[in-house]
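Novice: Let me begin by handing over the structure; questions about it come next.
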Amino acid sequence: MKLGNTVLLRGRSLVLAGLMALVVAAAPLAAGAYFLGGSWWYGGGLLPLSYQNNTGGFPAYTNAVNQAATNWYWTPTPSDLYSVGGAANVTLSTFSSGAGYWAVTQIWANQTTCVWVFCWTNNNEIPYGAYNSPTGLGSNWSNYTSSAIAFNRATMDSLNDFMKLKVATHELGHAQGLGHAYSPNCTSIMQQGFLAWNTPQPHDFYDFDQLYPGSWSYGWAC
Amino acid sequence: MNKRNGLLLGLGSVAAVLAIGGAALLTGIGVSYQSELSYMTDGPAYQDVQDLTKASGAVAHVRIISAGKSYLVPFDAAVTNVAPARKDDSAKGKLGQPTTGTPAKGQLQNGILQTDYTAEVLDNVRGASVKKGQQIVISQIGGKLASPGADGSSKEIIVANAEHDPVMQVGDEEMLFLNQDAATGKFFTTGGGQGRFKVQTNGTLSAVDAHSNLARLQTGKQVASLKNAVQSVHE
Chain A
197 MKLGNTVLLR
207 GRSLVLAGLM
217 ALVVAAAPLA
227 AGAYFLGGSW
237 WYGGGLLPLS
247 YQNNTGGFPA
257 YTNAVNQAAT
267 NWYWTPTPSD
277 LYSVGGAANV
287 TLSTFSSGAG
297 YWAVTQIWAN
307 QTTCVWVFCW
317 TNNNEIPYGA
327 YNSPTGLGSN
337 WSNYTSSAIA
347 FNRATMDSLN
357 DFMKLKVATH
367 ELGHAQGLGH
377 AYSPNCTSIM
387 QQGFLAWNTP
397 QPHDFYDFDQ
407 LYPGSWSYGW
417 AC
Chain B
78 MNKRNGLLLG
88 LGSVAAVLAI
98 GGAALLTGIG
108 VSYQSELSYM
118 TDGPAYQDVQ
128 DLTKASGAVA
138 HVRIISAGKS
148 YLVPFDAAVT
158 NVAPARKDDS
168 AKGKLGQPTT
178 GTPAKGQLQN
188 GILQTDYTAE
198 VLDNVRGASV
208 KKGQQIVISQ
218 IGGKLASPGA
228 DGSSKEIIVA
238 NAEHDPVMQV
248 GDEEMLFLNQ
258 DAATGKFFTT
268 GGGQGRFKVQ
278 TNGTLSAVDA
288 HSNLARLQTG
298 KQVASLKNAV
308 QSVHE
């Protein structure tokens with residue numbers, strides 16, 4: 197009987213240990229992180245990216261952009277978007293289209309293509325990947341070289357300042373390499389649409405840290 | 078012709094093809110470079126058919142019959158604003174080196190690519206602005222742009238798709254949730270890809286934006302079911 201109990205206890209311990217191991221092993225699979233594929237060059241420390249804010253004709257957009265850059269700076273991430281008057285890593289403009297979108301972001305990188313021994317490099321926009329890994333873009337692509345954000349006044353003029361700031365912060369998240377957070381229960385600035393928050397959230401810190409590692413933040417996947 | 082001559086002729090032909098191809102690649106003459114790109118977007122997210130219908134002026138079952146030439150919607154004239162330098166005495170403020178940037182491709186740095194499609198209305202499901210049998214113009218962000226390369230002899234082709242809203246295909250049937258631009262009379266789909274459902278040959282729907290809530294609700298259902306759902310929405 198005693199032997200039987202011991203075996204039973206050992207069996208239960210093994211099952212428990214197995215279950216715990218399964219939970220630990222499955223955790224990264226359950227976690228969601230969202231990237232466009234590729235990233236800016238990052239050597240540790242800060243990630244200083246200059247931005248040229250060309251929305252000066254429309255003060256509500258100008259303020260939203262500057263505040264969004266500040267929002268990203270005051271996060272536990274290496275993000276350091278700073279304003280310049282000349283050529284920049286990220287340019288921000290306005291346009292008008294009846295299309296239902298509030299804003300559009302494009303990112304470029306150099307792409308080397310080889311046919312047999314003939315190779316050439318073009319400065320191309322990165323194709324959208326929605327990767328779960330920061331390295332999803334592929335080996336023939338360089339780090340990002342530039343990004344352009346355009347706000348659609350036809351659809352954004354009617355948004356209040358809170359939402360204008362949400363859109364600007366979201367797009368600057370794209371410009372730094374973050375993709376959309378699809379899970380409806382994920383609290384992230386990278387969710388599309390109207391949100392109750394307009395600043396980067398702990399999940400965004402987590403994704404940022406995956407992309408530009410440095411143990412800056414203690415956010416979480418979702 | 079003996080075997081030896083045949084072999085020589087074959088090798089000669091291969092060499093000629095490689096030489097011409099190599100010369101074309103090196104000089105750029107007759108070479109087309111195609112880039113495929115995506116516009117990452119933000120916009121309203123619709124939760125269900127009622128939400129989407131209420132945000133749309135019209136809903137129609139259409140067939141895309143032609144695609145126009147893509148064009149650039151230009152950015153507004155740049156008025157550059159420079160924010161004051163940020164002051165930060167914390168540890169973060171003392172780190173880092175600037176990241177250098179390379180200017181992006183010319184044309185797409187100045188505007189957003191857009192394309193107009195002509196569609197025949199097969200069924201007017203809701204809204205007075207479209208009628209069965211009518212041809213309407215639908216504008217969509219994205220398209221195809223060909224331009225001479227930097228060397229003047231090669232050709233650069235750029236194919237742009239908005240994220241979750243790939244360019245429409247001639248011949249496709251789609252259920253579209255639409256809004257009309259009062260100034261131009263052109264229609265746009267509500268929420269980009271969220272307002273598009275491809276109608277398969279067996280009458281089932283395939284949501285164009287596979288990540289949307291609407292996709293989870295509608296993909297695989299019969300088109301008649303969506304039409305009924307739209308018509309039962311009350312203002």
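The listed protein sequences derive, respectively, from chains A and B. So the first sequence is numbered by our numbering: it starts at 197 and just counts up by one. So the second sequence is numbered by our numbering: it starts at 78 and just counts up by one. Glycine included, each C-beta is placed from N, C-alpha and C at the ideal position. Computed from a predicted model, the values in this text were never measured in an experiment.
(1) Pick helix, strand or coil for H40/B, following the three-state DSSP scheme.
(2) Near A284/B, what residues of its chain come up, given a Cβ to Cβ distance below 7 Å and the 5 sequence neighbours on each side ignored?
(3) Nearest-angstrom Cα distance between W236/A and Y340/A?
(4) Please classify W298/A as buried or exposed, where buried requires at least 16 neighbouring CB atoms within 10 angstroms.
(5) Can you check whether the C-beta of V276/B is within less than 8 Å of a C-beta belonging to chain A?
(6) Give me the subset of the region 184 to 198 of chain B whose CB atoms are less than 9 Å from a CB atom of chain A, sorted by chain position.
(7) Please specify which runs of the beta strand (DSSP E), each continuous and at least 3 residues long, are wholly inside the region 228 to 304 of chain B, giving them in chain order.
(8) For L232/A versus S275/A, is the C-beta distance shorter than 8 Å?
(9) Beta-carbon separation of K263/B and I218/B under 8 Å?
(10) Can you tell me where the beta strand (DSSP E) with N356/A in it begins and where it stops?
(11) If the cut is a Cβ gap below 7 Å, which residues of chain B does Q388/A touch?
(12) Beta carbon of M386/A, beta carbon of Y230/A: below 8 Å?
(13) For A346/A, which residues in the same chain have their Cβ closer than 6 Å to its Cβ, ignoring the five residues on either side in sequence?
(14) Bridge partners of K221/B, per DSSP?
(15) Determine which residues of the region 247 to 260 of chain A have a Cβ less than 8 Å from any Cβ of chain B, and write them out in chain order.
(16) Indicate the three-state DSSP secondary structure (helix, strand or coil) for F401/A in the structure shown.
(17) Who are the Cβ neighbours of H288/B in its own chain at under 7 Å, not counting the five residues just before and after it?
(18) Between the Cα of R140/B and those of A205/B, Q271/B, T195/B, I189/B, spot the shortest distance and give me the residue it belongs to.
(19) Considering D193/B, what are the terminal residues of the beta strand (DSSP E) in which it resides?
(20) If you pair each beta-carbon of the region 198 to 205 of chain B with each one of the region 299 to 315 of chain A, do three or more pairs fall below 8 Å?
(21) Note down the Cα distance separating A260/A from Q257/B, rounded to an integer number of angstroms.
(22) Under 8 Å, Cβ to Cβ, is there at least one residue of chain B near W393/A?
(23) Is E367/A helix, strand or coil by DSSP?
(24) Is T258/A helix, strand or coil by DSSP?
(25) Determine whether the Cβ of F291/A lies closer than 8 Å to any Cβ atom of chain B.
Specialist: Working from what's here:
(1) Chain B is shown from 78 up to 312; residue 40/B falls before or after that span and cannot be answered.
(2) Here residue 284/B refers to the residue found at position 207 of the second sequence. Closer than 7 Å at Cβ, skipping near neighbours: F274, L291, A292, Q295, T296.
(3) Sequence index remark: in the first sequence, residue 236/A carries index 40 (1-based). Sequence index remark: in the first sequence, residue 340/A carries index 144 (1-based). Their backbone Cα atoms lie some 5 Å apart in a straight line.
(4) As a working mapping, residue 298/A is identified with position 102 in the first sequence. W298/A is buried by the Cβ-count criterion.
(5) Numbered from its first residue, the second sequence carries residue 276/B at position 199. Cβ-Cβ to chain A under 8 Å: no for V276/B.
(6) L185, Q186, N187, G188, I189, Q191
(7) 232 to 239, 250 to 257, 264 to 266, 273 to 276, 282 to 284
(8) By one-based count along the first sequence, residue 232/A stands at place 36. By one-based count along the first sequence, residue 275/A stands at place 79. Taking 8 Å as the Cβ cut-off, L232/A and S275/A do not qualify as a contacting pair.
(9) The residue labelled residue 263/B in the question sits at position 186 within the second sequence. The residue labelled residue 218/B in the question sits at position 141 within the second sequence. No, the pair does not count as a contact, with Cβ atoms beyond the cut-off.
(10) As a first step, residue 356/A must be located in the first sequence, where it is residue number 160. Note, N356/A: premise wrong, no beta strand (DSSP E); not H, not E.
(11) Your numbering for residue 388/A matches position 192 in the first sequence. Under the 7 Å cutoff, chain B gives D119, G120, A122.
(12) Here the question's residue 386/A lines up with position 190 in the first sequence. Here the question's residue 230/A lines up with position 34 in the first sequence. In contact: M386/A and Y230/A (Cβ atoms closer than 8 Å).
(13) Position 150 of the first sequence holds residue 346/A. Counting only Cβ-Cβ distances below 6 Å, and skipping sequence neighbours, we find S289, F291, V300.
(14) Within the second sequence, residue 221/B is the residue found at index 144, counting from 1. K221/B is bridged to V236/B.
(15) Q248, N249, N250, T251, G252, G253, F254, T258
(16) Numbered from 1 along the first sequence, position 205 holds the residue referred to as residue 401/A. Looking at F401/A - three-state DSSP - the assignment turns out to be helix.
(17) Here the question's residue 288/B lines up with position 211 in the second sequence. So the list reads H241, once near-sequence residues are dropped.
(18) In the second sequence, counting from the first residue as 1, residue 140/B sits at position 63. Ranking the options by Cα distance to R140/B, first place goes to T195/B.
(19) The residue given as residue 193/B occupies position 116 in the second sequence. Per DSSP, D193/B belongs to the beta strand (DSSP E) from 188 to 203.
(20) no
(21) For this step, residue 260/A is matched to residue 64 along the first sequence. For this step, residue 257/B is matched to residue 180 along the second sequence. Whole-angstrom Cα-Cα distance: 28 Å.
(22) As a first step, residue 393/A must be located in the first sequence, where it is residue number 197. It does not: the Cβ of W393/A has no partner Cβ on chain B nearer than 8 Å.
(23) Along the first sequence, read from residue 1 onward, the residue named residue 367/A stands at position 171. Looking at E367/A - three-state DSSP - the assignment turns out to be helix.
(24) Locating residue 258/A in the first sequence gives position 62, where the first residue counts as 1. Helix at T258/A.
(25) Within the first sequence, residue 291/A is the residue found at index 95, counting from 1. It does: the Cβ of F291/A has a partner Cβ on chain B nearer than 8 Å.
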